[in-house]
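Structure record follows, encoded as structure tokens.
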């Protein structure tokens with residue numbers, strides 16, 4: 119019935135709501151048909167159709183709310199940048215994303231100034247002050263010996279960080 123009303127309205131009035139009636143009517147017919155067929159046969163086609171409908175629904179919702187998804191993703195990435203050296207798994211994920219998409223930060227390399235290790239302040243003892251993670255760098259034309267130096271610097275920083283956290287956790291004075 120919905121399909122017939124939708125087709126009549128589309129032909130007679132040429133309006134967009136008529137197209138919506140056609141789509142909803144077709145969707146309801148398809149769901150009802152496969153529901154009856156699946157109940158009679160007890161086959162996995164019904165599961166396939168249900169998964170397909172969920173995927174189509176997710177795609178439509180993704181298109182409708184794409185701006186909110188993008189804003190939320192940017193917020194989460196900024197939080198991840200702030201906590202970059204605090205969690206090794208998070209650090210690996212951010213490095214992978216920056217290498218894969220050939221980017222640096224959320225909007226630009228300046229986002230890294232929000233991280234306590236890369237932030238340019240007088241209280242920051244880090245060797246990475248005024249810097250960005252290695253995953254931001256373009257690697258063409260760099261000699262392998264530079265990688266060794268960077269690894270040595272990173273291991274010194276990690277040892278320093280461990281010693282600081284041990285001293286803080288154990289209430290020892292250094």
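Numbering (our numbering), first residue to last: 119 to 292. Beta carbons are placed, not taken as given, at the ideal position from N, Cα and C, and that holds for glycine. Quick caveat: nothing in here was measured; it's all calculated off a predicted structure.
Asked, Found
"Enclosing alpha helix (DSSP H) for residue 210 [first to last residue]", "206-219"
"Reference residue 216; option with closest CA among 157, 256, 187, 170", "256"
"Best match in 247, 228, 205 for proximity to residue 235 [C-alpha to C-alpha]", "247"
"Best match in 223, 185, 153 for proximity to residue 197 [C-alpha to C-alpha]", "223"
"At least three beta-carbon pairs within less than 8 Å, the stretch 224-233 to the stretch 190-207", "yes"
"Euclidean distance between Cα positions of residue 172 and residue 143", "18 Å"
"For residue 201, three-class secondary structure by DSSP", "coil"
"Distance, residue 237 Cα to residue 253 Cα", "17 Å"
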